[in-house]
Amino acid sequence: MADQLRFDDQVVVVTGAGGGLGKAYATFFASRGASVVVNDLGGSFKGEGTSSKTADVVVEEIKAAGGKAVANYDSVEDGDKIIETAMKTYGRVDVLLNNAGILRDISFKNMKDQDWDLVMKVHVKGSYKCAKAAWPIFRKQKYGRVINTASAAGLFGSFGQCNYSAAKLAMVGFTETLAKEGAKYNIHANVIAPIAASRMTETVMPPDVLASLKPDWVVPLVAVLVHKNSTENGSIFEVGGGHMAKLRWERSSGLLLKADDSYTPSAVIKQWNKVVDFSKPEYPSGPADFVSLLQESMKMGP
Ligand code: NAD
13 MADQLRFDDQ VVVVTGAGGG LGKAYATFFA SRGASVVVND LGGSFKGEGT SSKTADVVVE
73 EIKAAGGKAV ANYDSVEDGD KIIETAMKTY GRVDVLLNNA GILRDISFKN MKDQDWDLVM
133 KVHVKGSYKC AKAAWPIFRK QKYGRVINTA SAAGLFGSFG QCNYSAAKLA MVGFTETLAK
193 EGAKYNIHAN VIAPIAASRM TETVMPPDVL ASLKPDWVVP LVAVLVHKNS TENGSIFEVG
253 GGHMAKLRWE RSSGLLLKAD DSYTPSAVIK QWNKVVDFSK PEYPSGPADF VSLLQESMKM
313 GP
């Protein structure tokens, strides 16, 4: 097909590619000409145990379909080893899909340090380690595409997922900074909040909803974002079941008080309606926006 997005001669690293969304990415990119590193530690969805079989099965499937793939069984916490597999096998890396993840759901009241630490290690440290190892390669070749994986739980909070929510929102800040630092090297980073039927969601969603959420239906957006022609950088998307949309921060038009002795809690309360008024929203894109607001404040004079 003339309009088919292709990834020939590109190397795509997919973490957590043994099942769910990762497997869908790996098989797709291999079917479009990429050489794929299929990373998976092969543990349970709670992050317990390991098995090389999980990644091997996907590699075999890709090879049987005529594609190119290599397995890697390291934890994303050792992201340098995953990137090393790509470099040793294929000599380059073009796309990094930070997808591996676990859940340790429990109410905040009952959460143990281990539940917090493990989720942070896999999602936050794991994404950092993989990107950190790929970064010098991307910079040198003046090309790279990164997708980090957030979640609606991170964007909006979710009962029983305090650790996961914190880790997933971390992916947003991480991505937005990578996007700013990578832009001049043609390195683009975007973050998705997917929703898909997988072992992670099969116990929390009813079967009819799950049936409409095939992992394959997250893939097309990701393919567009990591394609060489994409100019999207530092953006947040929600995606699942055929729906996709871009998200952004919104700021109320706000209240600007002169920063002198008249700026008291009572003065804030008096005009609270302005602080929370979203009728004329603004869409800030960085710390510079706030600085320009402060400059306005200074102009107010005595
Ligand atoms: P999944 O459990 O099917 O896949 C996650 C994979 O990551 C598993 O194969 C697992 O073995 C692997 N993994 C776990 N820890 C690892 C580690 N330390 N190193 C390497 N691999 C490891 O789940 P999924 O639903 O496909 O989730 C994929 C990503 O999408 C995760 O980051 C998840 O948090 C995120 N997500 C999923 C949904 C959803 O609706 N499925 C919603 C929001 C976010």
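If you're matching positions, the sequence shown starts at 13 in the working numbering and goes up one per residue. Note that the Cβ used here is the ideal one computed from N, Cα and C, for glycine as well. The model shown is predicted, which means the values in this text are computed figures rather than measured ones.
CA-CA distance, residue i and residue j?
i    : j    : result
S119 : S177 : 12 Å
K292 : Q307 : 20 Å
A67  : V49  : 9 Å
V82  : T101 : 8 Å
M13  : F19  : Because the pLDDT of M13 is 48, which lies under 50, any placement of that residue in the model is unreliable, and the number read from its coordinates should be weighed accordingly. Going by the C-alpha atoms only, they are around 14 Å apart.
F249 : L222 : 20 Å
G45  : Q22  : 8 Å
E72  : K35  : 12 Å
L130 : A300 : 35 Å
V236 : A146 : 20 Å
G243 : I204 : Per the sequence shown, the amino acid found at residue 243 is Thr instead of Gly. Approximately 16 Å, taken between the alpha carbons.
K58  : M212 : 9 Å
P219 : F150 : 41 Å
L268 : G166 : 30 Å
S139 : V280 : 41 Å
G30  : S297 : 36 Å
Q153 : F40  : 24 Å
S304 : M310 : 10 Å
K121 : G169 : 15 Å
K240 : Q126 : 40 Å
P206 : V105 : 24 Å
E96  : P148 : 12 Å
E188 : A271 : 31 Å
Between residue i and residue j, is the Cβ-Cβ spacing less than 8 Å?
i    : j    : result
G192 : G246 : Note on residue identity: the sequence assigns Lys, not Gly, to residue 192. Yes, the pair counts as a contact, with Cβ atoms nearer than the cut-off.
I94  : C142 : yes
M132 : C174 : no
L190 : V158 : yes
G172 : D117 : yes
V107 : V238 : yes
N160 : A201 : yes
V234 : Y37  : yes
V25  : A98  : yes
V134 : A162 : no
Y1   : S64  : No answer is possible for residue 1: it lies beyond the span of the chain, which begins at 13 and ends at 314.
G266 : K286 : yes
G28  : N51  : yes
A164 : V136 : no
Might you give, ordered along the chain, the residues of its own chain that have their beta carbon closer than 6 Å to the beta carbon of residue i, omitting 5 neighbours on each side?
i    : result
A208 : L33, L225, P227, V230 and G252
M217 : none
W128 : N175
L53  : T62 and S87
A257 : E250
F290 : S264
Can you pull the DSSP bridge partners for residue i?
i    : result
A178 : Paired residues: none, contrary to the question.
L109 : V26 and I159
N84  : N51
F249 : I204 and K258
Q173 : I118
E294 : R263
Excluding the 5 residues flanking residue i on each side, which residues of the same chain have their C-beta closer than 7 Å to its C-beta?
i    : result
K75  : A81
V288 : S264
Q283 : L267
E214 : L222
G275 : The sequence shown places Tyr at residue 275, not Gly. L269.
L115 : F57, K58, Y176 and M212
Spatial neighbours of residue i within its chain, please: CB distance less than 8 Å, with the 5 preceding and 5 following residues excluded, ordered by chain position.
i    : result
N295 : Looking at the sequence itself, residue 295 is Tyr, so the reference to Asn does not match. Closer than 8 Å at Cβ, skipping near neighbours: R260, W261, E262 and R263.
Q16  : R44
K144 : G91 and D92
Against chain B, with Cβ distances strictly below 8 Å, would residue i count as a contact?
i    : result
L181 : Of the protein chains in this structure there is only one, and it is not chain B.
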